[in-house]
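Numbering (my numbering), first residue to last: 7 to 130.
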Amino acid sequence: HQMDNYPAQKPSSSVDVGLWTGDGDEKYLSRLRSNFPRLYQDFQPDLIFYLAGADPYEKDQLGGLRLTMEGLRERDMIVIEEARKLRIPVAILFAGGYATQVKDTVSIHLNTVKVAQNVQRKYS
């Protein structure tokens, strides 16, 4: 989550990986890659609810993580492909998205669907 964004007081959670405004693709994806194996191992989920938010996008009016479209696509690929390799079903939920151009938000969510389709084809 973005540490310096709303709400100021963050509720505690089992796993909390904070990022700062402007961290961008490299830092975000690095943290995602390094934390996912531990999450699978520690929690051993039967199902993953993946909240594929569009608000980390670089042109989002509320978020500030500054991920590119490609960075968001890579995020989706990491989550969906790792789950597929481990044979854990994924329920994808779309959220957020306050880009200055509505078409960008639509593209982000559509890209998530395309990534899921491609991963499914790859492992079918």
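Each residue gets a CB set at the ideal place from its N, CA and C atoms; glycine is no exception.
Own chain partners of residue i with C-beta closer than 8 Å, once the 5 adjacent residues on each side are dropped
i, result
"Asn41", "Val21, Val23"
"Met9", "Lys16, Gly24, Leu25, Trp26"
"Leu35", "Gly77, Glu80, Arg81, Ile84"
Best match in the options for proximity to residue i [C-alpha to C-alpha]
i, options, result
"Thr74", "Asn124, Asp29, Arg127", "Asp29"
"Phe49", "Ala122, Leu92, Ile98", "Leu92"
"Leu57", "Arg127, Gln126, Gly103", "Gly103"
"Ser19", "His7, Ser113, Trp26", "His7"
"Arg127", "Glu32, Thr106, Glu87, Thr111", "Glu87"
"Ala89", "Pro17, Arg37, Val121", "Val121"
Integer Cβ distance of residue i from residue j, believed to fall under 8 Å
i, j, result
"Asp52", "Ala60", "The Cβ separation is near 27 Å, so there is no contact."
"Ile84", "Ile54", "Not quite, the Cβ-Cβ distance comes to about 12 Å (not below 8 Å), so this is no contact."
"Gly70", "Asn117", "Not really, about 21 Å apart at Cβ, beyond 8 Å."
Where residue i falls: helix, strand or coil (DSSP)
i, result
"Asp31", "helix"
"Ile86", "helix"
Residues of its chain near residue i, where Cβ-Cβ distance is below 6 Å and the 5 sequence neighbours each way are ignored
i, result
"Ala105", "Tyr63, Lys65, Asp66, Thr111"
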